[in-house]
Amino acid sequence: MSSPLSSSATHLNSDKRRLRIAVLNRTFSTAGGGAERYSISLVEQLAARHEIHVFAQKIDHQWPGIIYHRVSAPLLKPRWINQLWFATRTWWLTRHGFDIVHSHENTWHGDVQTVHVLPVKYNLFHDRKGGRRALRWVKVVTSPRLLAYLGLEHFRYAIRQGRQVVVTSDYLRAIMESSYPVCTEMISVITPGITMPQLPVTKLRKDAARALLGLPLAGYCILFVANDYRKKGLATLLKALAQFPGEFTLAVVGNQSQLSFFKEQVKTFNLEKRVFFLGSLKNVAPAYEAADCLVHPSLEDTFAMVVLEAMSYGLPVVVSGPKYCGISGLLQHGMNALILDSPTDESQLQHALELVLTQPALRNQLSQGAKDFASSYQWRKLVLKQESLYHSVLASKNAVNAQ
Numbered sequence: 037m038s039s040p041l042s043s044s045a046t047h048l049n050s051d052k053r054r055l056r057i058a059v060l061n062r063t064f065s066t067a068g069g070g071a072e073r074y075s076i077s078l079v080e081q082l083a084a085r086h087e088i089h090v091f092a093q094k095i096d097h098q099w100p101g102i103i104y105h106r107v108s109a110p111l112l113k114p115r116w117i118n119q120l121w122f123a124t125r126t127w128w129l130t131r132h133g134f135d136i137v138h139s140h141e142n143t144w145h146g147d148v149q150t151v152h153v154l155p156v157k158y159n160l161f162h163d164r165k166g167g168r169r170a171l172r173w174v175k176v177v178t179s180p181r182l183l184a185y186l187g188l189e190h191f192r193y194a195i196r197q198g199r200q201v202v203v204t205s206d207y208l209r210a211i212m213e214s215s216y217p218v219c220t221e222m223i224s225v226i227t228p229g230i231t232m233p234q235l236p237v238t239k240l241r242k243d244a245a246r247a248l249l250g251l252p253l254a255g256y257c258i259l260f261v262a263n264d265y266r267k268k269g270l271a272t273l274l275k276a277l278a279q280f281p282g283e284f285t286l287a288v289v290g291n292q293s294q295l296s297f298f299k300e301q302v303k304t305f306n307l308e309k310r311v312f313f314l315g316s317l318k319n320v321a322p323a324y325e326a327a328d329c330l331v332h333p334s335l336e337d338t339f340a341m342v343v344l345e346a347m348s349y350g351l352p353v354v355v356s357g358p359k360y361c362g363i364s365g366l367l368q369h370g371m372n373a374l375i376l377d378s379p380t381d382e383s384q385l386q387h388a389l390e391l392v393l394t395q396p397a398l399r400n401q402l403s404q405g406a407k408d409f410a411s412s413y414q415w416r417k418l419v420l421k422q423e424s425l426y427h428s429v430l431a432s433k434n435a436v437n438a439q
């Protein structure tokens with residue numbers, strides 16, 4: 037690992053200086069989830085134009101031009117203590133020598149704070165009033181874990197010269213503004229992006245992808261990608277799948293920490309030969325190529341990067357509505373997606389699946405609409421918004437220093 041002590045200030049354009057940027061993620065691996073893939077894709081795009089230093093406890097990534105710094109993790113559990121350690125250690129390592137510190141974690145420092153999850157404060161107090169709110173405060177003040185998370189979050193969103201808060205969707209922006217109104221003027225929306233696949237998904241590529249993953253070559257393959265099976269709606273999907281004949285199969289990609297529970301569910305619905313748990317994949321591309329559609333009946337998702345990734349492959353998507361999922365506020369029902377009013381209504385999900393998998397004209401419409409939509413959210417475009425934000429932050433900091 038390299039030391040963050042050397043400096044670089046070469047100019048790319050007459051008005052855009054090459055920046056020295058520290059990026060904070062506890063886990064820096066494409067298998068980590070949507071937030072990690074967001075951060076990784078962003079720095080891969082930035083590395084050609086800026087000096088990028090990644091500070092993480094777990095690093096499973098290599099990219100030209102990125103300098104990696106492994107942050108110690110003396111105590112991974114309880115998680116809140118590790119969160120405090122990571123925040124403190126990265127503050128010490130990045131307090132000097134960087135133009136921008138960009139945090140994707142709950143830390144009190146960082147010029148740019150990108151938020152990927154609902155605020156702890158929102159989860160604790162939303163829709164709780166009177167006695168219920170008082171009881172929740174009793175729970176907080178008697179819990180070192182909750183006090184630590186709320187304390188970090190309070191300072192993370194406190195007003196500071198040059199600080200910017202980035203959220204991934206308008207859905208999350210509204211929640212942030214209601215939870216921390218003090219940071220309203222600091223908030224910008226920069227959605228996740230994708231890099232469009234270079235090759236079309238032909239039948240030959242689909243068959244090769246299914247063979248690689250051990251999936252049946254014949255029949256319809258539904259794809260589900262998530263690390264939290266419960267929150268992302270796998271239970272509802274299994275109930276809906278049980279109503280379809282045997283040629284309908286399901287591929288489940290993601291962390292298998294909840295595997296034992298859902299294997300029991302699979303047995304209950306007699307789906308043992310039709311559900312394939314593939315685990316976490318460093319490269320999810322073969323799963324997108326193998327599938328006929330993606331289903332994401334999430335109960336809570338600030339954006340749902342997996343939906344955008346699937347759409348870039350031309351997959352028809354069935355996804356929760358904007359009350360539950362950030363990307364849905366950008367989609368058009370029947371044009372580029374099928375949007376569910378309720379992610380827990382298996383009959384509604386069953387009907388949506390029947391439409392997308394048995395009506396070729398609709399499937400073709402959704403496939404083309406998906407690709408058209410995804411092409412408007414490419415990283416090479418979105419990274420310019422992030423870069424502009426960096427320069428705005430730096431200008432604000434320099435103005436204060438010059439006073």
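With our numbering, you'll find the sequence shown wraps up at 439, consecutive numbering, no jumps. C-beta atoms are modelled at their ideal positions from N, C-alpha and C, and glycine is treated no differently. Only a predicted model underlies this, so the values are computations on that prediction, with no experimental measurement involved.
Asked	Found
Residues bridged to V355 [DSSP beta-bridge criterion]	H332 and I375
Short Cβ contact (8 Å threshold) for M341 with P228	yes
Coarse secondary structure for L398, derived from DSSP in three states	helix
Delimiting residues of the alpha helix (DSSP H) encompassing A210	D206 to S215
Which of helix, strand or coil DSSP assigns to H190	helix
Residue nearest to L160 in terms of C-alpha spacing, selected from K175, V151, H152 and D147	K175
Distance between beta carbons of R106 and A92, contact taken as under 8 Å	7 Å
Touch test, the stretch 324-332 against the stretch 376-394, Cβ-Cβ under 8 Å, three pairs minimum	yes
I226 (DSSP reduced to helix, strand or coil)	coil
Within the stretch 254-285, ranges of the beta strand (DSSP E) (whole runs, at least 3 residues)	256-261
Backbone secondary structure at S38 - three-state DSSP	In this prediction, S38 has a pLDDT of 40, which is less than 50 and means its spatial position is unreliable; what the coordinates show is noted afterwards. Coil at S38, not helix or strand.
CB of Q119 within 8 Å of CB of A184, strictly	yes
For D51, three-class secondary structure by DSSP	With a pLDDT of 46 at D51, under the threshold of 50, the predicted position of this residue should be treated as unreliable, and no value is reported.
Secondary structure, alpha helix (DSSP H): runs of 4+ residues fully inside the stretch 151-179	156-161 and 166-177
Collapsed DSSP secondary structure at T63 in the structure displayed	strand
Where the alpha helix (DSSP H) containing Q200 begins and where it ends	Element bounds for Q200: not the alpha helix (DSSP H) but the beta strand (DSSP E), Q200 to V203.
Whether I57 touches H89 by CB criterion (8 Å)	yes
Option nearest A438 by Cα separation, candidates F134, Q197, A373 and H138	Q197
Beta-carbon spacing of R199, D147 below 8 Å	yes
Identity of the residue in R54, A71 and N61 nearest H86 by Cα	R54
Opposing strand residues paired with I95 [DSSP bridges]	F64
Collapsed DSSP secondary structure at F122 in the structure displayed	helix
Cβ separation of F284 and G255, assumed to be a contact under 8 Å, to the nearest whole Å	7 Å
Supposed contact pair L398 and V392 - C-beta distance, whole angstroms, cut 8 Å	6 Å
Presumed contact (8 Å Cβ cut-off) between V202 and V151, rounded CB distance	7 Å
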